[in-house]
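Asker: Attaching a single structure in structure tokens format; questions to follow.
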Amino acid sequence: LAGLSLSYALAITGTQSFATRWCSNLANYIISVERIKQFMNLPTEAPYIVDDNRPPSTWPENGKIELQDLK
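In structure tokens:
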């Protein structure tokens with residue numbers, strides 16, 4: 044009788060750990076879907092290059108880096 048009780052106790056523990064892992068994975072999947080929905084509703088950013096506001100083609104003609112009090 045003690046062996047049977049121990050066998051059932053171990054089976055219940057295994058089932059409980061499986062159910063906990065399954066619920067955790069399900070929660071992660073649901074959170075992933077929520078994040079995707081949030082990203083879909085974000086406003087679009089400005090383009091990298093704005094055609095109306097481009098610098099002249101000769102810019103910059105000269106480049107210069109000055110270091111002052113570099114330690």
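Going by this note's numbering, the final residue of the sequence shown carries number 114, and the count climbs one at a time with no gaps. Virtual Cβ for every residue (Gly too), placed ideally from N, Cα, C.
Check whether the Cβ of Ser75 lies closer than 8 Å to any heavy atom of the ligand GDP, and answer yes or no.
Answerer: Summarising the ligand content, the structure contains no ligands, and the ligand GDP is consequently not present.
Asker: Just the C-alpha distance for Leu47 and Thr58, rounded to the nearest angstrom, thanks.
Answerer: 17 Å
Asker: Please report the residue range of the alpha helix (DSSP H) in which Lys53 lies.
Answerer: For the record, residue 53 in the displayed sequence is Leu; it is not Lys. Per DSSP, Leu53 belongs to the alpha helix (DSSP H) from 45 to 83.
Asker: Whole angstroms is fine: what's the gap from Ser67's alpha carbon to Leu85's?
Answerer: 27 Å
Asker: Give the straight-line distance between the Cα atoms of Pro98 and Thr87, rounded to the nearest whole angstrom.
Answerer: 24 Å
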